[in-house]
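Residue numbers (numbering that gives the first Met the number 0), protein chains in the order written: chain C, 0 to 322; chain A, 0 to 117.
The C-beta atom is built at its ideal place from N, Cα and C for all residues, glycine as well.
Down below is the structure, laid out as structure tokens.
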Amino acid sequence: MGRPWLRAGLLALMTYLVPLGSAFAHCVVGNRFFPATLNVDDPCVADELSLPTISSFKTGDDPAARELDISGEFSKRITDRFGVSVGSTWSQLRTPGSPTVSGFQNLETAFQYQLLKDATHEFAMMASLDVEWGGTGASSVGADRFTTTTPTLLFGKGFGDLPAEAGWLRAFAVTGGLGYAIPGSSSTTSTDPDTGDPTATQNPRVLQWGGSLQYSMPYLKSAVVDLGLPDVVNRLVPIVEAQFSTPVGNTIDSGTKTTGTVNPGIIYIGDKYQVGVEAIVPINRDSGGNIGVIGQVHLYLDDIFPNTIGRPLIDTSAIGKGN
Amino acid sequence: MRSLIIALAAMLALTAPAGAHAFLDHAEPPVGSAMQKAPPQLSLWFSEDLEPAFSGATVTDAQGHAVNAGKAQIDAHNRRLMHVPLKAVGPGSYRVNWHVLSVDTHRTQGNYNLTVGR
């Protein structure tokens, strides 16, 4: 008579004492896992490390420079819903007829809050305040001297809630982001190399938008139909990312032409990491001089270090709650 | 950059073996399959060891009625394997809803469909 009550009591006690560090861990929403995308941020706060991300492409300048970027980004949950990320990029620019220059871009941080995770509809939404700290990078590689702040809204939606008749279409998902980059200074003064006179260039406010269309083979296998494919195939996510920038304010010098790239590629999902590679296809000449490439190794810290740095600093969830 | 990579490698090397999110690896009958006759139980294999007290599954018919013959059980010899006993059900579409807690407290959930009698 007393034992069931004792067991129920112990379970209830565990419910409140054992923290559930990963209720909002890397981007799992119901059946759906949104992998970390290489260009547009995924819609979840998480404990993650992207190291390294390497890209090579020709810039949209005239003459075009060959740019090599090597970057890292560390994301840390403070609570289940609030996280901070810090990223840095080292760049090398090879311009025909000019000496090769290299150095770090400005330090970038993001303060992110998980607005919503709806397991039934595989929908996630996150607000992010991205800050590029002016003057922390090398101006020789184009780092601005002013700080730019970008409020951003990000979302992800899986199509697993389509009717069963939709079949394999249910493995599709989309993610997207919309941000508004606000420079801390409306203009930048520099010295004309020919005349020596000071010149002012207006810094535009820029709409940053983009997203991804992805097809999850892990989802197909575990939630739609197991076709008996090899394990390596069942871990792939073919993806097309796209990111664009459109100057919308203070555009006297910049104009309003949209630049951006479309990036088709593939992501391999491991148990505690993922590896992704994508082509970088510029949408016009101002966006790039040729097709580039980007690759990334991404570590799920919440799975690698579930009891230390992989959990929120302040644990606000418990078993039976959240998600 | 080199010191960062060395630090990362050291962190990974010092990490005690730990679990990850438990995802459904495969099932018997397979996910999304159609069969002539319903089996007496479903077997679900996960990618990580499970906490039995916080892991379970239900099977419902097209009207949303449960057709489990009892509670889902974690296999006594394989903590990645869950057994779900079924009632003797007729032809129709059925949905398997699972929720699990891996041993390192990651919680995941999911569902898939099965068809009987086609």
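- Setting aside the 5 residues that flank it on each side, C/P203 is surrounded in the same chain by P246, G248, N249, T250 and S253, each with a C-beta closer than 7 Å to its C-beta; the list follows chain order.
- Here DSSP, grouped into helix, strand and coil, assigns A/F22 to coil.
- Residues of the region 49-69 of chain A with a Cβ closer than 7 Å to any Cβ of chain C, in chain order: A52 and F53.
- Chain-order list of chain C residues neighbouring A/P38: empty, with the shortest C-beta distance near 15 Å, by a criterion of under 7 Å.
- Using a CB distance below 8 Å, the part of the region 87-103 of chain A facing chain C consists of S92, L100 and D103, ordered along the chain.
- Within the region 18-62 of chain A, not a single complete alpha helix (DSSP H) segment reaches 4 residues in length.
- For C/N283, no Cβ of chain A is located within less than 8 Å of the residue's own Cβ.
- In this chain, C/L300 is not harboured by any beta strand (DSSP E); it is covered by the alpha helix (DSSP H) spanning L300 to I303.
- With respect to the C-alpha of C/E277, the residue from C/V223, C/K271, C/G269 and C/G291 having the closest C-alpha is C/G291.
- C/G269 and C/R234 have their C-alpha atoms spaced approximately 7 Å apart.
- Per DSSP, the unbroken alpha helix (DSSP H) holding C/D230 starts and ends at D230 to N233.
- C/Q207 is bridged by DSSP to C/G178 and C/S244.
- In the DSSP assignment, C/A278 forms a beta bridge with C/V292.
- For C/S70, DSSP records a beta bridge to C/T52 and C/T88.
- For the region 154-169 of chain C, the set of positions with a beta-carbon nearer than 9 Å to some beta-carbon of chain A reads G159, A163 and G166 in chain order.
- In the DSSP assignment, C/D40 is bridged to no other residue.
- Excluding sequence positions up to five before and after C/V261, its CB lies within less than 7 Å of the CB of V239, A241, V280 and I282, all in the same chain and listed in chain order.
- Residue C/R169 holds the alpha-carbon nearest to the alpha-carbon of C/L161 among C/V224, C/F154 and C/R169.
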